[in-house]
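Engineer:
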Amino acid sequence: MRQRDDSKRLAFLEATLKEVAEFGFAGTSVARIARSAGVSPGTLYIYYADKNALLEAAFFYVSDQVIGAAVASFQQGTDLKDGLRRTWHALFRLGLSRPEYFRYHDSFTHSAWMTPDIQARNEAKAAPLLDAVERGKETGLIKPVPLPLLETFMFRPIHHLVQRTRQGSFEGTDEQIDLGFNMAWDAIALA
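Structure follows, in structure tokens:
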């Protein structure tokens, strides 16, 4: 049995992000991904059983980057509002430097490939941040509404503002990011 090379795995995942951005999930070709990664399609199948497994692995790769940046920036033990502000800045910077992460994450999340099990996996990885938000709800700092509403009003604006910054219609300065964060905070804060 041949050994798996982590650099090849990463090349497959990065090629998948590009392929899906250009052709969508349905039009994605394993052969083109393999060519883009510089290997044969047969080699790709050593790593992934099929196209679906590759698409899911690419989502896990992207999600781990996004969730990792969010959790690392939050820094447990700090004030919830300041931690979320740091998270906003970290995600905004990640979105500007790697917009393909946000595009793939958004596309996959709104596709048939997103399952409750995958959602549960991501929520487990984001547990330090989600637990702090839950404590904020319990202490009356944050509105006692379901997580999808909090997520929509707190984090979805980042995706939109990153896109607008890349288009040149929003100036992504620290001051503007703080203004956006404050507006998002006002939407979820109880007081």
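Each residue of the sequence shown is one higher than the one before, starting from 3 at the first, in this note's numbering.
Don't be surprised by glycine CBs; every beta carbon is placed ideally from N, CA and C.
(1) Any idea if histidine 162 is buried or exposed, counting beta-carbon neighbours within 10 angstroms, 16 or more meaning buried?
(2) Going by the DSSP bridge assignment, what does isoleucine 144 pair with across the sheet?
(3) Quick check: the stretch 145 to 156 against the stretch 99 to 106, are at least 3 beta-carbon pairs closer than 8 Å?
(4) Can you tell me whether serine 65 is buried or exposed, with buried defined as 16 or more other CB within 10 angstroms of its CB?
(5) Check glutamate 58 in the structure and name its three-state DSSP category.
(6) For aspartate 66, which three-state DSSP category applies?
(7) In its own chain, which residues sit with a C-beta less than 8 Å from the C-beta of alanine 134, not counting the 5 before and 5 after it?
(8) From phenylalanine 94 to tyrosine 50, what does the alpha carbon distance come to, in whole angstroms?
(9) Looking only at its chain, what residues have a beta carbon closer than 8 Å to the beta carbon of glycine 174, apart from the 5 residues adjacent to it on each side?
(10) So, do the stretch 9 to 18 and the stretch 27 to 36 have three or more beta carbon pairs nearer to each other than 8 Å?
(11) Which residues bound the alpha helix (DSSP H) around glycine 174?
(12) Taking the alpha helix (DSSP H) that threonine 154 falls in, what are its first and last residues?
(13) On a CA-only basis, which of Tyr103, Arg87, Ile190 is nearest alanine 23? Give me that one, please.
(14) Quick one: give me the first and last residue of the alpha helix (DSSP H) that alanine 122 is part of.
(15) Given this structure, state the Cα-to-Cα distance separating phenylalanine 27 from isoleucine 48, to the nearest angstrom.
Structural biologist: Here's the rundown:
(1) exposed
(2) Ala191
(3) no
(4) buried
(5) helix
(6) helix
(7) Phe76, Gln78, Leu82, Gly85
(8) 31 Å
(9) Phe94, Leu98, Leu163, Val164, Thr167
(10) yes
(11) Segment: none, glycine 174 is in no alpha helix (DSSP H) and carries neither H nor E.
(12) 149 to 156
(13) Tyr103
(14) 118 to 127
(15) 21 Å
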